[in-house]
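S.K.: In terms of our numbering, the sequence shown has 69 at position 45, counting the first letter as 1, and numbering is strictly consecutive.
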Amino acid sequence: MQIQLNGDNIEVQDDASVATLIARMDLGERRVAVELNLEIVPRSLHAETLLKAGDRLEVVHAIGGG
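#1: DSSP three-state label for Arg-80, please.
#2: For Ala-38, is the classification buried or exposed, using 16 other Cβ atoms within 10 angstroms of its Cβ as the cut-off for buried?
#3: CA-CA distance, Ala-43 and Gly-88?
#4: Taking the Cβ atom as the reference point for each residue, do His-85 and Arg-48 lie within a distance shorter than 8 Å?
#5: In angstroms, rounded to a whole number, what distance separates the CA positions of Gln-26 and Ile-34?
#6: Nearest-angstrom Cα distance between Glu-72 and Gly-52?
Quick look at the structure:
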């Protein structure tokens, strides 16, 4: 199915969750913020939040510096 991730259309498997997508992006161990259809998804719900065709996600991760 197709979803929109950070403004780009991508294909994901039908049973994909937010956690699956984060792992696919190689961000599993990083601190990330996820917005799904304009709603923040808490980290505790990433594994159980399933994606649907046409969903719009914004995923950002913190980059440290100094």
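Built from N, CA and C at the ideal position, the CB exists for glycine as well. As the structure is a computational prediction, the values presented were derived from the model and not from experiment.
M.R.: Looking at the atomic coordinates:
#1: strand
#2: Position check: residue 38 holds Asp in this sequence, whereas Ala was assumed. Exposed, since its Cβ has fewer than 16 Cβ neighbours within 10 Å.
#3: 22 Å
#4: no
#5: 6 Å
#6: 15 Å
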